[in-house]
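Note that the protein sequences, when read in sequence, are chains V and L.
Throughout the first sequence, residue numbering follows the numbering used here, covering 448 to 774 in sequence.
Throughout the second sequence, residue numbering follows the numbering used here, covering 448 to 774 in sequence.
Cβ coordinates follow ideal geometry from the N, Cα and C atoms, glycine included.
As the structure is a computational prediction, the values presented were derived from the model and not from experiment.
2 protein chains.
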Amino acid sequence: MREYISLATVAARAGVSVSTVSRIVNGEMRRASPATVARVLDAIEAVGYRPNPVGRALQRGQSQLVAMIAANLDNPAMATIASSTEAALREAGYVMVLCDTHDRPELQDEYLYAMRAQMVCGYVLVAAVPSRGLSELSASGAPTVFVSRRNPVGNGPFVGIDDCAAGAAVADYFANLGRRVPAVVFPRLGSSASRDRVSGFLAKLRERGWSDKAIIQADGEGRSHLQVGYNAGARIFGGSDTPDSILCVSDQIAYGVNRRALERGLKIPGDCDIVSIDGTPLNQWVAPWLKSIEIPYAVYGAEIVAGLQLIWRGESFGERLLPYKFG
Amino acid sequence: MREYISLATVAARAGVSVSTVSRIVNGEMRRASPATVARVLDAIEAVGYRPNPVGRALQRGQSQLVAMIAANLDNPAMATIASSTEAALREAGYVMVLCDTHDRPELQDEYLYAMRAQMVCGYVLVAAVPSRGLSELSASGAPTVFVSRRNPVGNGPFVGIDDCAAGAAVADYFANLGRRVPAVVFPRLGSSASRDRVSGFLAKLRERGWSDKAIIQADGEGRSHLQVGYNAGARIFGGSDTPDSILCVSDQIAYGVNRRALERGLKIPGDCDIVSIDGTPLNQWVAPWLKSIEIPYAVYGAEIVAGLQLIWRGESFGERLLPYKFG
DNA sequence: CTGAAAGCGCTTACAG
DNA sequence: CTGAAAGCGCTTACAG
């Protein structure tokens, strides 16, 4: 496993210099005579040569590695983003390195530095948290795409949905259905995405005549959104008013809320409608009671890679808000 | 982003040669005078030097990258394996590259070749499928750990559970409960793991007095185990005998079977008990009706990395069967 | 105890 | 149209 077929092998076989082989490997066909090109191509074929990305990376000061730094792979939404990004990168000839920060800034920084050392050619930050390293990355101008959560320490290319509009759509849905006691559940330490979903929801309800105090708001704590929902559920179903409609800013929060609702003997749907924002395919199988705004995570990968390619070409890429499906 | 602090920078600052700095960076402290060591350490600190893994990889013929080649990241069990492996590798100073083969042999091969070119120092194959490239890898003796499914084209280090025993445990459980019409649901194109679970289940039932025809066996097709279960469910609940107990070889199959059961108006549990082998944490939240053999996926990562480290040290590592929890 | 030198596989001005 | 040479950052015999 320690023998690699190098340019030199091919060059020797074709009777030319490594420079010539290198150029041809890199597609500069016109700079060599057709006869030479043919001979080199034959030699490549014959010995089964494949360019060594490590040598190339060292020389170019940049590898074909793209770092995906995600907050939590156990979250199915992030797993789907990772999976679709991986597929899109492979198709474009890149290799994805996966880093799971568990939402911890120190780990995020550790990875950011390690990836820089690996000379990665790009960064995909899914639900990034503020950190020193992120600020440095931001300032360095390295090719970076933020996903789901916007850059928490500046701005930069973003792939996601219009979170405000999504929240508002749920508000309209509840209002049109004639619901009177709406609630919203979100994580205590929310991202820009959570916040926008909540504020879009609240703004639209106000617009449609609700007073702020008529809307139940519950944040929850926990290391997973399941816990967040379960914890917030305790307060939501324990107050004087029981909501007849609940927006959960993620599927997993809805699962947690639902479990609490079941424990309290509530019928869902029926006593109370729950809508979440995520719409993971799993819902249809294990949570038919749940209505969702469907975020097209499976196409995130393609958009992220398209964004990176624009940036590599020096073109600008501000943000890409993908359409979601509801109902 | 194109400036990297190199050994040369440190050497210049410390007034020594790069060789000396290199040795010290690599922990060969005793080969330099204490004064030199101190000076070099200071310089490293002062300029914030970090070894460049690319240069190192090229020289050593081996990177610090470990390839994780998994069949399907959308499966929560694999996502958990990926996540725990990633954490364990990071702790050990390695970086994980993630490849999702979607269970396709050509893609698996593409990745295997690409990873070889990246000079990865190890392979983690989760649910590998037979392929040309896998045979080559197998023959090459490269450090490899197979996870969940054993090497389908030979043998090699394995991390998983005793699938046969797990299947048998479920058979005992059903028998002790007094169930009369057991069934088992598995994917048509099964892995060694599926097969072992099924055969362990069947063998134990036979031992306890069932005849083969008294056990309902249903395989299912589909691109996901959810589909597999749903499809097999149609046949299971459509026959002359309705089972009173079902073993599903994975959680997702159980979700699919359950959905079909609900459509047929069956009560679960009650009319029929379902037990699955996986025991993903999500079950407690979205499938309280499901009893499971719990596979400790969260500790797979540590075992996998421990296995790789044994192999790297030249020690042998046959297989590691982890204990599962049931009930 | 320390350094000069070669080389890992590659790319890229530069000279011819 | 082609090649010799330098260099990306590192490690490692080898010589002193």
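Secondary structure within the segment 567–618 of chain V: the beta strand (DSSP E) runs of 3 or more consecutive residues, fully enclosed, are 569–573, 591–594, 605–607 (chain order).
For the set V/R551, V/T727, V/I721, V/R670, the Cα lying nearest the Cα of V/T689 is the one of V/I721. Around V/Y496, no beta-carbon contact reaches into chain L at under 9 Å, the shortest distance being about 11 Å. Think of a sphere of 7 Å around the beta carbon of V/A504: the chain L residues whose beta carbon falls inside it are V501, in chain order.
Within 10 angstroms of the beta-carbon of L/S464 lie fewer than 16 other beta-carbons, which makes it exposed.
In terms of Cβ geometry, V/Y560 and V/A589 do not form a close pair [threshold 8 Å]. The three-state secondary structure of L/F633, taken from DSSP, is strand. Within 10 angstroms of the beta-carbon of L/S510 lie 16 or more other beta-carbons, which makes it buried.
In this structure, the straight-line span from the alpha carbon of L/A661 to that of L/Y541 is close to 51 Å. Straight through space, the alpha carbons of V/Y744 and L/D547 are spaced by roughly 16 Å.
In the DSSP assignment, L/V484 falls within the unbroken alpha helix (DSSP H) covering 481–494. Proximity of L/W736 to chain V, defined by a Cβ-Cβ separation below 8 Å, is not satisfied. Going by DSSP, V/L729 is part of no beta strand (DSSP E) but of the alpha helix (DSSP H) stretching over 729–733. At a cut-off of 8 Å between C-beta atoms, V/E533 counts as an interface residue with respect to chain L. In the three-state scheme derived from DSSP, where H, G and I count as helix and E and B as strand, L/S646 is classed as helix. In the three-state reduction of the DSSP assignment, V/R767 falls in the strand class. Excluding residues up to 5 positions away in sequence, T467, R470, I471 lie with their Cβ nearer than 7 Å to the Cβ of L/A479 in the same chain. If you draw a 10 Å sphere on the C-beta of L/R760, you find fewer than 16 other C-beta atoms in it, and that means exposed.
Note on geometry: alpha-carbon atoms of L/N623 and L/G647 lie some 16 Å from one another. Membership of L/L673 in the alpha helix (DSSP H) is indicated by the continuous run 672–683. Rounded to the nearest angstrom, the gap between the Cα atoms of L/N473 and V/L584 is 28 Å. Boundaries of the alpha helix (DSSP H) harbouring V/D698: 698–710, taken from the DSSP string. By the criterion of a C-beta distance shorter than 7 Å, L/S697 is surrounded in its chain by H672, S723, I724, D725, once the five residues flanking it on both sides are discounted. By the neighbour-count definition (other C-beta atoms within 10 Å, threshold 16), V/N730 is a buried residue. Interface with chain L (8 Å Cβ-Cβ cutoff): V/D521 is included. Per the coordinates, the alpha-carbon of L/V645 lies some 45 Å from the alpha-carbon of V/V617. A direct Cα-Cα distance of roughly 21 Å separates V/V567 from V/M525. For L/I471, the enclosing alpha helix (DSSP H) begins and ends at 465–472. If the five residues before and after V/E750 are omitted, its C-beta is found closer than 8 Å to the C-beta atoms of V606, R767, L769, all from its own chain and listed in chain order. For V/I528 against V/Y558, the beta-carbon gap comes to about 17 Å, at or over 8 Å, which does not count as contact.
The shortest C-alpha to C-alpha distance from V/P500 to any of V/S453, V/G637, V/A458 is the one to V/S453.
Taking a beta-carbon distance threshold of 8 Å, L/Q565 counts as an interface residue toward chain V. By alpha-carbon distance to L/Q555, the top candidate from L/N519, L/M543, L/I491, L/K714 is L/N519. By the neighbour-count criterion, in which a residue is buried when 16 or more other Cβ atoms sit within 10 angstroms of its Cβ, L/G754 is buried. Apart from the 5 residues on each side of it in sequence, L/K772 sits with its Cβ closer than 8 Å to the Cβ of G726, I740, E741, P743 in its chain, given in chain order.
DSSP places V/G748 inside the alpha helix (DSSP H), whose first and last residues are 744–759.
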